[in-house]
Structure formats: structure tokens, C-alpha cells
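K.L.:
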Amino acid sequence: MSRVLTALKPTNILHIGNYFGAIEPFLQQQKTGDTNFLFIADYHSITIPQDPDELRKNIFFATAAYLAAGVNPEKTTLFQQSHISEHTELAWILNCVASMGEVERMTQYKDKARNKGESVSVGLFDYPVLMAADILLYDTEIVPVGEDQKQHVELARDLAERFNNRFGQTFVIPKPVIRESGARIMGLDDPEKKMSKSAPTDKNYISLMDDEATVLKKIKSAITDSEGTIVYREHRKGIANMMTIYSLLTGESMIEIEKTFEGKGYGDFKIALAAKVSEFLTPLQEKIQTLLQDENHLHRTLEIGAQKARAIAAKKMIEVRKKIGIA
Ligand code: TYM
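Per this note's numbering, the very first residue in the sequence shown carries number -5; after that it's consecutive.
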């Protein structure tokens, strides 16, 4: 039994990369773990400008999407990050433990800040320290995330070790859990880069809310190569990515997929993949729509989650304040 925690930023577009990279691995852990935390990282989302009404909607959408996907509030403490002020309090303390140099090395910050010059927010820079606070507050052991968040979890480990060395044993050292296949779903229009909702075009990703026609259109226009065969080779990035998605949806191995599509071309494969994606998305979308109709229920779910999370976070902060000498 171990303590598992993960989080996703609330956006209007959760894509299948988020699902396979973080939500599904979390659901796997939920099956066996007794203490699971999943939260909506709203403070992380405001590191870039947000429309307040959209953000409010996205928080409820995310809550509905997690519940529809199988998050069970009996087994998982599901909450909204900003409801627990201890996250930002601990982030401040960890800011005073972290060095500028190590935070500057975070590649996601470098990517996001590129070409933005001095207009980039301090919050965007500090984002990984808040994430460390999120994780350490709950004595988390396991953090299921996609490949792009690995460096951030490693920073949380470093900060926990440094804090423990300086002030005495306080934090559990967390471990990122990154699945072998699916931890980095690539963009359909550019398989050199990860699937991302902030890509220049929506052809890059499949949103959990895309309808059948949209899914088919996006997959049909996905980049492949000139070889034309359904054979898994890492360097054939476009087809390899789509075969990975097919495999994640069906549980079939690459060899089985190759056999099924022997003698067939990209056209047939793409139609089959689009059908599998929609078979998966349609029932999920129906559940999300039903849950979204009862905003009170979603609100209550987050409130109950916050009560449970607060009890743990408050206790940890009493210990932290004592350790550093402010209480
Ligand atoms: P976020 O909201 O950017 O992404 C949520 C999760 O989805 C994964 N992911 C992907 N996985 C596979 N392929 C992709 N193309 C892909 N794109 C995204 C991400 O790796 C992530 O697991 N900082 C985090 C949220 C966070 C958090 C935390 C996570 C805040 N506090 C504490 C874990 C623990 C973020 O912005 O993820």
C-alpha cells in the first residue's frame, strides 16, 4: 500500500496524452492503493493568463472528467488545490530552500518562457516549487505523471532531501512513476513534439470531447512517412505514435497490430484507429455530460475532498513550521 498523488491543470481541453500519461496510470494505482490524492491544479493554471469565467468552468469540467474516467471519491481524495492554502504556504518555505540555479534548469520553464522575454510571470518560473509543495505536503510516495513532469518530481525529491538534512526528517522522498509506453504521446501533426493543447493547431491533439467526425478528420490528417507499412519502428515517429495509441486502447502488442494490418496501408489503419478512439471516447463523453448537469454534486465532491486533504495538510504544516523555527 502506498501514497499516490497526481494533479492536472484544469483546461477546457484534456487530451488523450493527459489521459494515457496521467489519468489512466492513476486509475491503475487507485485499484490497489489505499491512500490516493488527485487534485485540480488551479494555481498552476494561472501561471499563464486565464479568463476567470472559463477557469471556473474548466474546474468543474475537470472534476466531471475525472469522475467519469473512474476516479472513485471513496478511494481517492479529489480536491481543488486552491482550497488548501497549505500548498502555497509550503511553496513559500520551499522557495527559500530551492536555489535559483536548480529552478532555472527546468526544461519546461525554458520551453514555455522562450521568446517571451521579461513578460513571463514569476509564477511560471516558480511553478515546479509549488508542485514540490503539492507532493511533499501529503507524504506522497508515488507520483504517476507523463514524461514531461519527471524533472519536476526529481526537483521535489531534491528539495525534500535538502529540507530533511537541514531541519531533520520531515518529508517522504517521492518517486515519479512513468509508464513505459504512453508517457509521451506525440502531436498528430508534428510527431517530433509531445501532444499539447497549446500547439498551434487543434489537429495536434485529440480532446476527450472530440466527436467521431472530428476524431476521424484529425487522424486522417496525421503525419506519417512515405514507407506506407504498419510496422513499429521508433524512428518512424508518426506511425509509431499512432500504433502506441492503438495499443493503449486495445491492449494489443505491436506485433499483434503489425499482423492485423499486414498488407494494409495507412488509410485502413487510420480508419481503424479512429474507430477505436471513438469507441473509447463516446461513453466517457456521455458520463461527463451527465455529471456536468449536476454542478452541486461536483461542488460537494470537491468540498468533501478538501476537508479530507486539509486535515492532512494542516498537520504537516504544524510540523514544518516547528522545524524551521517559526512556531
Ligand atoms: P499538466 O496539466 O500539464 O499535464 C497533466 C498530466 O498529463 C501528462 N501529459 C502527457 N502525458 C503523455 N503524453 C503527453 N503528450 C502529455 N501531455 C501531458 C503530464 O505529464 C501530467 O502528468 N505540473 C503539472 C500538474 C501538477 C502536478 C502536481 C502533477 C501540479 N502539481 C503534483 C503531479 C504532482 C502539470 O502542469 O501537468
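The beta-carbon is built from N, C-alpha and C at its ideal position, and this holds for glycine as well.
For Ser76, which residues in the same chain have their Cβ closer than 7 Å to its Cβ, ignoring the five residues on either side in sequence?
P.N.:
Taken in chain order, the residues that qualify are Asp36 and Tyr37.
K.L.:
What's the C-alpha gap between Thr108 and Glu256?
P.N.:
Reading off the sequence, residue 108 comes out as Arg, not Thr. One C-alpha to the other measures close to 43 Å.
K.L.:
Going by beta carbon distance, what residues of the same chain come within less than 8 Å of Ala193, once the five residues before and after it are set aside?
P.N.:
Result list for Ala193: Gly181, Asp183, Asp184, Lys187 and Tyr199, in chain order.
K.L.:
Verify the contact flag: Gln22, CB atom, against every heavy atom of the ligand TYM, threshold strictly below 7 Å.
P.N.:
Checking the Cβ of Gln22 against the ligand TYM gives no.
K.L.:
Using DSSP with H/G/I as helix, E/B as strand and the rest coil, what is Met311?
P.N.:
If DSSP states are grouped into helix, strand and coil, Met311 belongs with the helices.
K.L.:
On the criterion of 16 or more Cβ atoms from any shown chain inside 10 Å, does Ser220 qualify as buried, or is it exposed?
P.N.:
It counts as exposed.
K.L.:
Which residues bound the beta strand (DSSP E) around Leu32?
P.N.:
Run containing Leu32: Thr29 to Ile34, per the beta strand (DSSP E) assignment.
K.L.:
Identify which residue in Gln301, Leu32, Leu124 and Ile217 has its Cα closest to the Cα of Lys231.
P.N.:
Of Gln301, Leu32, Leu124 and Ile217, the residue nearest in Cα terms is Ile217.
K.L.:
Using 7 Å as the cut-off, classify the Cβ of His146 as near or not near the heavy atoms of the ligand TYM, replying yes or no.
P.N.:
True, at least one ligand heavy atom lies under 7 Å from that Cβ.
K.L.:
Return the chain-ordered list of same chain residues with a C-beta closer than 8 Å to the C-beta of Thr339, the five sequence neighbours on each side being excluded.
P.N.:
A query on residue 339 cannot be resolved here, the shown segment of the chain reaching from -5 to 321 and no further.
K.L.:
Applying the 10 Å Cβ sphere with the 16-neighbour rule, what's the burial state of Met100?
P.N.:
When all chains shown are included, Met100 counts as buried.
K.L.:
Classify Thr70 as helix, strand or coil using the three-state DSSP reduction.
P.N.:
Note: Thr70 maps to strand in three-state DSSP.
K.L.:
If you measure from the CB of Val65, is any heavy atom of the ligand TYM nearer than 7 Å?
P.N.:
Checking the Cβ of Val65 against the ligand TYM gives no.
K.L.:
How many Å lie between Thr41 and Ala177 at the Cα?
P.N.:
Those two C-alpha atoms are separated by around 24 Å.
K.L.:
To the nearest whole angstrom, what separates the beta carbons of Val137 and Gly15, a pair I think is in contact under 8 Å?
P.N.:
With 8 Å as the limit, Val137 and Gly15 do not qualify as a contact, their Cβ atoms being about 12 Å apart.
K.L.:
Can you list, in chain order, the residues of its chain whose CB lies under 8 Å from that of Ile298, leaving out five sequence neighbours each side?
P.N.:
So the qualifying residues of the chain are Pro67.
K.L.:
Please identify the residue among Ala56, Glu155, Glu80 and Gly259 whose C-alpha is closest to the C-alpha of Leu124.
P.N.:
The residue with the shortest Cα to Cα distance from Leu124 is Glu80.
K.L.:
Does the ligand TYM have even one heavy atom less than 7 Å from the beta-carbon of Met100?
P.N.:
Because no heavy atom of the ligand TYM lies under 7 Å away, the Cβ of Met100 does not count as near it: no.
K.L.:
By Cβ distance, which residues of its chain are closer than 8 Å to Phe274, with the 5 residues on each side in sequence left out?
P.N.:
Same-chain partners within the cutoff: Leu243.
K.L.:
If contacts are defined as beta-carbon pairs under 8 Å, then Asn52 and Asn6 qualify, I think. What distance do you get, rounded to the angstrom?
P.N.:
The pair is a contact, with the Cβ atoms about 5 Å apart (cut-off 8 Å).
K.L.:
Would you decide whether Ala308 is buried or exposed? Buried here means 16 or more other CB atoms lie within 10 Å of its CB.
P.N.:
Exposed, since its Cβ has fewer than 16 Cβ neighbours within 10 Å.
K.L.:
Do you know whose CA, among Met311, Lys214 and Gly222, lies nearest Ala269's CA?
P.N.:
It is Lys214 whose Cα lies nearest to the Cα of Ala269.
K.L.:
Any idea which residues DSSP pairs Thr0 with across the strands?
P.N.:
Leu32, per the DSSP bridge assignment.
K.L.:
Of all the options Ala127, Gly95, Pro43 and Ile318, which has the alpha carbon lying nearest to the alpha carbon of Leu118?
P.N.:
Closest option to Leu118, Cα to Cα, is Pro43.
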